[in-house]
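Protein chains in written order, with this note's numbering: chain D, 7 to 251; chain H, 36 to 89; chain R, 1071 to 1298.
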């Protein structure tokens, strides 16, 4: 039974209608969670005994970093589904992911750099996590550049899908090799970008922010998917009705 | 209130971080909505030209 | 070569053809090597003529130079064959395109990566690498350029016929090649210091095995996409 629902989503008009209906159900809870997380993180959570108020950057850095990776995996999964099962709407999903993921990767890099400034004394230290994020940004940029360089939409879809899949296979390899490289050349960093063991008052806002950002991604994705589906549809039939709505 | 803004001396790092991230969130929302609006306009245009063509 | 030719023989035919065609234009074959030599010369000019200082960065300079030189030639991996229709014939021949693409990539590596690896000891010597360390530079760079040729073949296939494809190719290939750079540079650096570089070399070998098995599949798929 669940599969019929899933297969129906592969049809552009159904996906469009579903996306239109579902967006507020993701968008408003996302807003509430993010606002709540902000309040909890900035006001309610006590300062860290080691980093003071500086650690509060985690409430924007961790969700951004989480987004950057989750969005890439989503993009690559959609790409794989598109190529393997030849679902054209999956190409629309993959295309929609890229700008969202790239912008949050940038956010993760800048917030990570600002957070590290106090620990390192400089804005950039080739920290393994941030270096991996930087390479991830290059992967996103390459994906978007390939898409825009190929004029024919169908070929652009398929080529960028392949690139996304090749990229996702590389992400763990890149991550591991950057950690290894960093451990060789630098003393163990005092910087705790990893989630330390946190009391509930610190952890709760973080979880709220993570959940809020995830739902936000869902909402943004659905809006963009609608745009991409419209771009790809030739047959006028259902579009007329959809645009009237 | 001023202690809140002072952020224990880290104000110069904390507030820009929050500002940038929230700016990116808002930009994403606006960007996505603009993409949809543009796609709707183009689809309407395509429909009109298809209807107009013999 | 037709549908009945065994895959290995067909691959060998393509490999030999690519080599023969390339060697007819020796000027073009030398270009990546000249580029490598020039880039290697830039660093002492830009930094310092002191060999002791250069030795510190020799590994990095050699790798960046080799990477960029190999990338230069990658743009032409499929271009000529795509333009005169040979690539389409390969795709339609009934032969496994994966094997043929692998053969072309192997030819590219033989023409760029291998000569670069053989040049590396001499470039290294110019950067202060001691004589007893010089031969040890060959293996890591040979392996690294092999992986780069394989990863780059995917990018070359994806960007076939795209305007300014060369820059895009570099943008696509380099992030994926960074692990190669990390382990390869570590291997040559240890070699220059006279230490054992087995660990990063094994990792390079592992990457090479992964690339040899998977990259031609992806590249062949990309070629088919570009030909449609």
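Even for Gly, the Cβ is constructed at its ideal location relative to N, Cα and C.
Given the structure is predicted, the values throughout are model-derived calculations rather than measurements.
(Q) Can you pull the chain D neighbours of residue 1232/R, defined as C-beta to C-beta under 7 Å? (A) By Cβ distance, chain D contributes 155 and 156.
(Q) So that I know if they touch, is there some Cβ in chain D lying closer than 7 Å to that of residue 1228/R? (A) Chain D has a Cβ within less than 7 Å of the Cβ of residue 1228/R.
Q | 6 Å Cβ shell around residue 1230/R - same chain, five flanking residues per side excluded | A | These residues qualify, in order along the chain: 1148, 1152 and 1296.
Q. Alpha helix (DSSP H) containing residue 60/D: first to last residue?
A. Where residue 60/D is concerned, there is no enclosing alpha helix (DSSP H), given that its DSSP letter is neither H nor E.
Q: Could you pull out every unbroken alpha helix (DSSP H) segment of at least 4 residues lying fully inside the region 1233-1279 of chain R, listed in chain order?
A: Here the runs fully enclosed are 1235-1262.
Q: For chain D, find out if any of its Cβ atoms is closer than 7 Å to the Cβ of residue 1224/R; answer yes or no.
A: At least one C-beta of chain D is nearer than 7 Å to the C-beta of residue 1224/R.
Q | Nearest neighbour of residue 53/H, chosen from 245/D, 222/D, 229/D and 215/D [CA to CA] | A | Minimum Cα-Cα distance from residue 53/H among the listed residues 245/D, 222/D, 229/D and 215/D corresponds to 215/D.
Q. Which of the three DSSP states, helix, strand or coil, is assigned to residue 195/D?
A. In this prediction, residue 195/D scores a pLDDT of 49, lower than 50, which makes its location untrustworthy; the coordinate-derived value is nonetheless stated afterwards. Here residue 195/D sits in coil by DSSP.
Q. Would DSSP call residue 133/D helix, strand or coil?
A. In this structure, residue 133/D counts as coil in the three-state DSSP scheme.
Q. Are the beta-carbon atoms of residue 227/D and residue 102/D separated by less than 7 Å?
A. In contact: residue 227/D and residue 102/D (Cβ atoms closer than 7 Å).
Q: Please work out which residues of its chain come closer than 6 Å, Cβ to Cβ, to residue 1168/R, disregarding the five sequence neighbours upstream and downstream, and give them in chain order.
A: These residues qualify, in order along the chain: 1286, 1287 and 1290.
Q | Three CB pairs or more closer than 8 Å across the region 1216-1230 of chain R and the region 1273-1287 of chain R | A | As far as the Cβ criterion goes, the region 1216-1230 of chain R touches the region 1273-1287 of chain R, which means the pair count is three or higher.
(Q) Distance check for residue 1242/R and residue 1081/R, CA to CA, integer angstroms please. (A) Cα to Cα, residue 1081/R sits roughly 27 Å from residue 1242/R.
**Q.** For residue 17/D, the first and last residue of its enclosing alpha helix (DSSP H)
**A.** Where residue 17/D is concerned, there is no enclosing alpha helix (DSSP H), given that its DSSP letter is neither H nor E.
Q | Neighbourhood of residue 118/D by C-beta distance below 6 Å, restricted to the same chain and skipping five residues each side | A | Cβ neighbours of residue 118/D beyond the five flanking positions: 67 and 136.
Q. Mind pulling the chain D residues with CB within less than 8 Å of residue 1241/R?
A. Near residue 1241/R (Cβ distances below 8 Å), the residues of chain D are 144, 147, 148 and 151.
Q. If we ignore side chains and look at the alpha-carbon of each, how far apart do residue 196/D and residue 190/D end up?
A. Because residue 196/D carries a pLDDT of 44, less than 50, the predicted location of this residue cannot be relied on, and the following value inherits that uncertainty. Their Cα atoms are separated by approximately 15 Å.
Q) From the beta carbon of residue 221/D, is the nearest beta carbon of chain R less than 7 Å away? A) With 7 Å as the cut-off, residue 221/D does not count as an interface residue toward chain R.
Q. Comparing the C-beta of residue 198/D with each C-beta of chain R, is any distance below 7 Å?
A. At residue 198/D, the pLDDT of 48 sits below 50, so the modelled position is not reliable; the number obtained from the coordinates is stated separately. Taking Cβ atoms only, chain R never reaches closer than 7 Å to residue 198/D, which makes this a no.
**Q.** Within chain H, the residues that residue 128/D reaches when beta carbons sit closer than 8 Å
**A.** Those do not exist, as residue 128/D stays about 13 Å from chain H at its closest Cβ, beyond 8 Å.
Q: Please list the residues of the region 1136-1151 of chain R that have a C-beta atom closer than 9 Å to any C-beta atom in chain D, keeping them in chain order.
A: Against chain D - using a Cβ distance shorter than 9 Å - the region 1136-1151 of chain R contributes no residues.
Q) With 7 Å set as the bound, which would you pick, yes or no: does the beta-carbon of residue 70/D sit closer than that to a beta-carbon of chain H? A) Yes, its Cβ sits closer than 7 Å to a Cβ of chain H.
(Q) Would the region 24-33 of chain D count as touching the region 70-88 of chain D if we require 3 or more Cβ pairs under 8 Å? (A) Look at the beta carbons and you see the region 24-33 of chain D not touching the region 70-88 of chain D: under three pairs across the two are nearer than 8 Å.
Q. Any idea what DSSP makes of residue 1328/R, helix, strand or coil?
A. Here chain R covers residues 1071 to 1298 and nothing more, so residue 1328/R does not appear.
Q. Near residue 115/D, which residues of its chain fall below 8 Å by C-beta distance, leaving aside the five closest residues on each side in sequence?
A. Excluding sequence neighbours, residue 115/D sits near 136, 139, 140 and 143.
Q. What does a CB cutoff of less than 8 Å around residue 93/D pick up in its chain, not counting 5 residues either side in sequence?
A. So the qualifying residues of the chain are 16 and 87.
Q. How many whole angstroms separate the CB atoms of residue 1136/R and residue 1178/R, which I take to be in contact at a CB cut-off of 8 Å?
A. Here residue 1136/R is actually not in contact with residue 1178/R; their C-beta atoms are around 14 Å apart, not less than 8 Å.
Q | Residue(s) in a DSSP beta bridge with residue 1202/R | A | Per DSSP, none; premise fails for residue 1202/R.
Q: Would you kindly work out how many angstroms separate the C-alpha atoms of residue 1222/R and residue 62/H, rounded to a whole number?
A: Their Cα atoms are separated by approximately 35 Å.
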